[in-house]
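Down below is the structure, laid out as structure tokens.
In my numbering, the protein residues as written are 93 to 201.
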């Protein structure tokens, strides 16, 4: 029998992949005045995904509502990153889109 948190393993992996890409993107964008919004959105998104991953590990009762909020946050971050033609922004946007799709599936359960 699976423990509650084990059912979220692949979702956890996607959440952490999004965290990594958001952190890379934020770091690359920091210090560039025109990229402040992107960096801040990436930091916020990374934090929200990290929190959701922690909730998954715990098997929290609040995974679905947090997943719904994280999907919205990831979509907003992806939209911002897609405005920029840098490789790190493209990777971040893709990771955010992938995570958002997974989070919507979790939220609908």
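Beta carbons: idealized from backbone N, C-alpha and C, even for Gly.
Since the structure is predicted, the reported quantities are computational estimates derived from the model, not experimental observations.
Straight-line Cα distance separating residue j from residue i
{"i": "residue 189", "j": "residue 166", "result": "7 Å"}
{"i": "residue 144", "j": "residue 127", "result": "26 Å"}
{"i": "residue 154", "j": "residue 146", "result": "11 Å"}
{"i": "residue 157", "j": "residue 196", "result": "10 Å"}
{"i": "residue 99", "j": "residue 182", "result": "29 Å"}
{"i": "residue 78", "j": "residue 123", "result": "Outside the displayed range of the chain (93 to 201) lies residue 78, so it cannot be described from this structure."}
{"i": "residue 125", "j": "residue 142", "result": "26 Å"}
Cβ of residue i within 8 Å of any chain C Cβ
{"i": "residue 186", "result": "Among the protein chains of the structure shown there is no chain C, as only one such chain exists."}
Proximity below 8 Å, CB of residue i to CB of residue j
{"i": "residue 140", "j": "residue 162", "result": "yes"}
{"i": "residue 114", "j": "residue 176", "result": "no"}
Other residues of its chain near residue i: CB distance less than 6 Å, five sequence neighbours each side excluded
{"i": "residue 187", "result": "109, 110 and 113"}
{"i": "residue 179", "result": "none"}
{"i": "residue 90", "result": "Absent from the model: residue 90. The displayed extent of the chain is 93 to 201, so no value can be given."}
{"i": "residue 138", "result": "111, 114 and 115"}
Contact set for residue i: own chain, Cβ-Cβ below 7 Å, skip 5 residues either direction
{"i": "residue 103", "result": "148, 194 and 198"}
Beta-carbon contacts of residue i that lie in its chain and below 8 Å, excluding the five residues immediately before and after
{"i": "residue 93", "result": "Low confidence applies to residue 93: its pLDDT is 38, below 50, so where it sits in the model is not reliable, and the reading given next is rough at best. There are no such residues."}
Could you check whether the region 168-178 touches the region 132-141, counting it as contact only if at least three pairs of C-beta atoms, one from each stretch, sit closer than 8 Å? yes
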